[in-house]
Amino acid sequence: MEISPKDLNKKIILLLFGTRPEIIKLFVLYRILKESNEFLPVMVNTSQQKISGNILEHIGLEPEIVAEEIPNRSTDINQFVSHTLDQLNKIFSENSGIKKEDIAGIVVQGDTTSAYCGSMWGFFNEIPVFHVEAGLRSFDHKNPFPEEFIRESISRAASLNFCPTNISYQNLINEGIKSNKCLIVGNTINDAMITLLKEDKIKEAKHDNKYILSTLHRRENWDKVSSYATILNDIVTRRNEHDIIHLMHPNPLVVNSFHEGLNGAQPEKLIIREPIHDYFEMLGFVKNSHTILTDSGGLQEESLFFNVPCGILRKVTERPEVLDHNAKLLEFNNEEVNRFLESSDVYRSSHTGEYNYTYGTGNTSELIYNALKQFYN
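Numbering of the sequence shown is given in the working numbering, commencing with residue 2 and proceeding in unit increments.
Shown next as structure tokens:
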């Protein structure tokens with residue numbers, strides 16, 4: 002990457018991503034930094050996952066740097082960490098357009114392995130690390146694994162932690178992280194949702210009937226897939242006013258377990274389809290859902306913004322704010338899931354207005370930009 006003469010005096014800020022959620026939660030900040038007089042943002046794709054659905058093209062983003070994929074697309078975490086740290090060393094070597102000593106800071110988002118690698122590489126090279134969506138905690142290293150450990154580690158390495166809410170801020174204070182390293186700014190997911198609505202990017206869901214949207218993908222829930230399929234079959238048997246659209250995780254073990262749970266049943270109102278790779282189409286399905294059943298962290302946030310009742314298929318959530326609004330933690334139990342569905346309108350009607358602004362009114366990225374300016378002054 003070559004730096005143009007007009008940008009030579011700007012501070013270079015890397016924004017690392019390797020997954021779709023990171024793109025969604027960083028693109029507004031990238032735009033703001035790009036338009037600023039102080040910073041030169043550089044998007045670095047770690048190639049952790051294949052980014053599908055043309056999302057980069059649709060939001061007008063092209064990463065300046067793309068790391069080489071790990072050989073054979075290995076999913077081994079140790080191999081990916083080793084590979085990514087090595088890639089960062091090579092990319093920002095003495096022979097590249099940007100050297101380590103040219104980098105003023107590194108922005109990482111969330112709790113992905115890419116974020117972990119970026120924060121560790123920055124810390125070991127004495128480059129300030131800025132953690133977006135800091136302070137989320139489940140207080141259980143196995144749930145989710147390895148994300149809980151990753152976000153704890155990043156918080157320690159970060160020069161600034163940008164917390165979504167007072168709860169996440171207090172988590173960091175309780176862990177002994179200094180208050181001058183922690184700021185409550187909201188969650189950039191709301192920046193993204195508000196921007197995509199303004200730009201008319203969200204597509205309408207193409208489904209004629211009312212539906213419940215279902216996903217189950219977390220590794221710690223794979224042993225419950227069969228029983229979950231049984232629960233969904235029971236729901237469509239009891240509640241024929243709604244279809245269930247279940248987005249099937251592609252792992253063969255998950256697929257086989259799910260069909261074992263159905264035990265040969267093929268209920269018409271249980272619609273099984275592959276994950277929706279087009280993010281803007283997926284948001285349309287979220288927005289128009291009657292209810293959502295999921296173990297996804299991202300869907301907890303998106304369902305909150307769109308005021309859609311959400312049953313969380315996990316023992317604990319690192320987003321406790323949603324439990325005060327549209328969501329409830331659920332056991333993998335027929336009766337409990339059905340009770341939630343029967344009372345789901347309570348979670349919907351407890352709000353006024355089309356959208357929920359618990360995570361901010363769309364100015365989180367602007368607050369982060371202002372904090373970065375102050376950090377360097």
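Don't be surprised by glycine CBs; every beta carbon is placed ideally from N, CA and C.
Predicted model only: the values in this text are computed from it and were never measured.
| Query | Result |
| --- | --- |
| What first and last residue would you give for the alpha helix (DSSP H) that runs through Asn90? | 78-92 |
| Mind checking who Met2 pairs with in its DSSP beta bridge? | Answer by DSSP bridge pairing: none, since Met2 is not bridged. |
| Since Val226 is in the alpha helix (DSSP H), which residue starts that stretch and which ends it? | 226-239 |
| What's the call for His142, buried or exposed, on a 16-neighbour Cβ count within 10 Å? | exposed |
| In terms of residues, what are the limits of the alpha helix (DSSP H) holding Tyr212? | No alpha helix (DSSP H) holds Tyr212; the beta strand (DSSP E) holding it covers 212-216. |
| Report buried or exposed for Ile99, applying the criterion of at least 16 other Cβ atoms within 10 angstroms of its Cβ. | buried |
| In its own chain, which residues sit with a C-beta less than 8 Å from the C-beta of Ser120, not counting the 5 before and 5 after it? | Ile107, Val109, Val130, His132, Ser154, Ile155, Ala158, Ala159 |
| For the alpha helix (DSSP H) that Ile25 lies in, which residues bound it at each end? | 21-36 |
| Need the endpoints of the alpha helix (DSSP H) that Ala206 sits in, please. | Careful: Ala206 lies outside any alpha helix (DSSP H) and carries neither H nor E. |
| Can you check which of these residues, Thr359, Glu332, Leu324, is closest to Glu347 by C-alpha distance? | The sequence as given places Val at residue 347; Glu does not occur at that position. Nearest C-alpha to Val347: Leu324. |
| So the candidates are Ala328, Glu319, Arg315; which of them puts its Cα closest to the Cα of Val309? | Ala328 |
| Comparing alpha-carbon positions, which option in His243, Cys118, Glu200 lies nearest Gly61? | Glu200 |
| Only counting the same chain, and skipping five residues up and downstream in sequence, which positions put a Cβ closer than 8 Å to that of Ser180? | Ile174 |
| On the three-state DSSP scale, how would you describe Phe18? | strand |
| Taking the beta carbon of Asp77 as the centre, do at least 16 other beta carbons fall within 10 Å, making it buried, or is it exposed? | exposed |
| So, under 8 Å CB-CB, Tyr360 and Asn191 are touching, yes? Tell me the CB distance rounded to an integer number of Å. | 5 Å |
| Restricting to Cα atoms, I'd like to know which of Cys183, Met249, Leu331 is closest to Phe376. | Cys183 |
| Can you round the beta-carbon distance between Tyr370 and Ile33 to whole angstroms, since I take them to be within the 8 Å contact cut? | 5 Å |
| Check whether the Cβ atoms of Val29 and Ser366 lie closer than 8 Å to each other. | yes |
| From Lys207 to His218, what distance separates their C-alpha atoms? | 23 Å |
| Have a look at Ile4 and Glu23 and give me their C-alpha separation to the nearest angstrom. | 25 Å |
| Taking the runs of the beta strand (DSSP E) that are 3 residues or longer, which of them lie wholly in the segment 325-370? | 328-330 |
| Can the beta-carbon of Ile45 be found closer than 8 Å to that of Leu16? | The question names Ile, but residue 45 in the sequence shown is Val. Contact flag set, yes. |
| Return the chain-ordered list of same chain residues with a C-beta closer than 8 Å to the C-beta of Gly262, the five sequence neighbours on each side being excluded. | Val226, Ser227, Ser228, Tyr229, Ala230, Thr231, Asn234 |
| Going by C-alpha distance, which of Leu331, Lys288, Pro147, Phe307 is nearest Thr114? | Pro147 |
| Apart from the five residues just before and just after Glu205, which ones in its own chain have a Cβ nearer than 6 Å to its Cβ? | Gly285 |
| Helix, strand or coil for Ala105 per DSSP? | strand |
| Does the contact criterion of 3 or more C-beta pairs under 8 Å hold for the segment 262-276 versus the segment 309-321? | no |
| Within this structure, are the beta carbons of Thr292 and Leu248 separated by less than 8 Å? | no |
| In whole angstroms, what is the alpha-carbon distance linking Glu134 and Arg320? | 11 Å |
| By Cβ distance, which residues of its chain are closer than 7 Å to Arg239, with the 5 residues on each side in sequence left out? | Asn339 |
| Taking the straight line between their C-alpha atoms, what separation do you get for Met2 and Cys164? | 32 Å |
| Going by CA-CA distance only, name the one from Ile128, Arg152, Phe125 that's closest to Arg138. | Arg152 |
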